[in-house]
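Residue numbers (the numbering used here): 30 to 648.
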């Protein structure tokens, strides 16, 4: 593939001996000219100073040819690289060669492919390289450095002699008495901390700086530094002032130190965002923030003061070859989401010491229940594998793990071992009106694994009620309002995995009014069971009526049908009053029979009395 060098619009060619980076040179690989390399070469020659073709070509013809080729070349460049001020947009194959400083942003859009090959690239503060989804970044045999990499040091929060932070003060450089002034840097303080020198009483610290005085016999001396509580002590610089000679200020990171990590004292840095694909091979990186939302492969590359590399959910980081980390800015070299794909090769070396190879983290996790007020806690929780405090679900049935805080779920220790969280959700109390009886167990299943999902749904050991049917006990077409009513059977099934004490009520379907029933029907339904519940209905106010019955669901449920339920309806029957002619004839017959019997008894008494009177007259 042929390459040409093009200057950004409104720029000038580099002066003799001037650094190429100062000219904002863009090297464009023009794939469309690959078939005619002579065209590319000639156009480049024209651009940088005139034609080098045969001398017998006329000046006019040569000039015209140069103009035409340069115009064409600029057209190709405009399709490959678009510049907005100092910002660069790359949408095709582009290769950079030659050392340079990047001031502004570079965005590699979909279809763009930037190769940084065998150069030193310095990225100024707040400048970015952004690889969009569908874009590609290749860094080969190059050094990518922040213009202002971290220069401070930070401790890990340990107080004991073996693990506490310390810096070596080079007293042997002087041979005279000297003062060492320690500076915390902007926004930091030594308040509540101590400086510890072997053979001295601990020196209590306050403010953003302090001074220690050493005599002329002082050799190199370690000064231990601890912060208030177990916070991280922060050191920006140390100024050494001898009684004879000039003072010297050392960035903290340039001093020999132990149990400390890099500190970015100015809180400004360059950034590299990978949403597409990036490949870094046989290179070095110093000081920039790196965030992976796509795929990043790093092979045999030194990474200093750059970590942690952030790898977000559903992204991928591959570390291979002789890749090494040094002086991470946190207590881990890689900070990855729990669901990121992370590969740490066997030959890859981390910063070591108290800096882990990686930590996997997870953000706010929700536990979803079907009910409000469910109490739960976490067993074997976090790196300390503790039992958490008790949490509860809100009115939406949502409970937050550790109140929604981010936590570490895996650590790749510096020694190569790996700890992975194996936590569980313990359901402490999951009660509704269907399992309020103390003899019944809580819903939820007791103990459930805590996965790395953002949402964990608790649906184990819960009932699910299905109202199957409502039917009359005996085939019935009509019934008297003055009777004891009519018997019905409700069939209810529990399709879930836990028992429930279920009740229901019924309305007259045609009016929506509550039906008059002789009992409040319901009962215990075991998991997987189907039961029949008998009840009676009486005194309907309308002649042609039916029942619609509904399961009474617990008020604690987020949704009325979370545990099932539903309705079932009976067929219609006719209700009548006893005196209705068009009603049943049985009451009428009974009444007539009673009247006949009464009349017969009366006639019998009259007949007997008349017979007795006749007998008295005869005697």
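Ideal Cβ placement from N, Cα and C applies to all residues, glycine included.
Roughly how many angstroms lie between the CA atoms of residue i and residue j, to the nearest whole one?
i	j	result
residue 229	residue 157	48 Å
residue 520	residue 503	15 Å
residue 508	residue 425	47 Å
residue 160	residue 254	41 Å
residue 386	residue 237	32 Å
residue 137	residue 124	12 Å
residue 603	residue 541	17 Å
residue 349	residue 179	25 Å
residue 206	residue 248	11 Å
residue 147	residue 330	13 Å
residue 356	residue 293	11 Å
residue 213	residue 403	48 Å
residue 314	residue 150	10 Å
residue 395	residue 482	9 Å
residue 457	residue 476	9 Å
residue 493	residue 379	53 Å
Residue range of the beta strand (DSSP E) that residue i falls in?
i	result
residue 371	370-373
residue 328	324-328
residue 289	289-292
residue 455	453-458
residue 605	602-605
residue 136	135-137
residue 251	250-255
residue 316	Taken as a continuous stretch (DSSP letters only), residue 316 belongs to no beta strand (DSSP E), as it is neither H nor E.
residue 515	515-523
residue 509	507-509
residue 436	436-441
residue 545	First-last for residue 545: undefined, no H or E at that position.
residue 527	Careful: residue 527 lies outside any beta strand (DSSP E) and carries neither H nor E.
residue 364	361-366
residue 125	122-125
residue 331	331-333
residue 306	306-310
residue 412	No beta strand (DSSP E) contains residue 412, which DSSP labels as neither H nor E.
residue 143	142-146
residue 477	476-478
residue 553	551-554
Is DSSP giving residue i helix, strand or coil here?
i	result
residue 574	strand
residue 569	coil
residue 283	helix
residue 495	strand
residue 430	helix
residue 181	strand
residue 200	helix
residue 690	This structure cannot speak to residue 690, because the chain is shown only from 30 to 648.
residue 233	strand
residue 593	strand
residue 165	strand
residue 562	strand
residue 467	coil
residue 97	At residue 97 the pLDDT is 34, less than 50, meaning the model places this residue with poor confidence; the figure from the coordinates comes in the next sentence. Correct three-state label for residue 97: helix.
residue 209	strand
residue 420	strand
residue 482	coil
residue 383	coil
residue 534	strand
residue 173	strand
residue 267	strand
Cutting at 7 Å between CB atoms, please list the residues of its own chain near residue i, excluding the five before and the five after it.
i	result
residue 618	Only weak support exists for where residue 618 lies, its pLDDT of 45 falling under 50; the value from the coordinates is given anyway. Same-chain partners within the cutoff: there are none.
residue 154	176, 177, 297, 298, 299
residue 490	472, 473, 474, 526, 527
residue 486	397
residue 164	137, 138, 139, 141, 305
residue 406	416, 417, 418, 419, 420, 455, 457
Looking only at its own chain, which residues have a Cβ that is under 6 Å from the Cβ of residue i, when we skip the five neighbours before and after it?
i	result
residue 325	303, 307, 346
residue 555	528
residue 463	529, 530, 583
residue 364	337, 339, 388
residue 514	565, 566, 567
Quick one: residues in its chain with C-beta nearer than 8 Å to the C-beta of residue i, no 5 flanking neighbours on either side, listed in chain order?
i	result
residue 435	390, 391, 392, 393
residue 9	Residue 9 lies beyond the stretch modelled for the chain, which goes from 30 to 648, so this question has no answer here.
residue 234	219, 220, 221, 222, 223, 224
residue 185	192, 194, 261, 288, 289, 290, 360, 383
residue 587	398, 399, 400, 401, 424, 425, 426
Exercise. Do the stretch 414-432 and the stretch 357-375 make contact, defined as three or more Cβ pairs closer than 8 Å?
Worked result: no
Exercise. Using 8 Å as the Cβ pair cut-off and three pairs as the minimum, do the stretch 450-470 and the stretch 403-419 touch?
Worked result: yes
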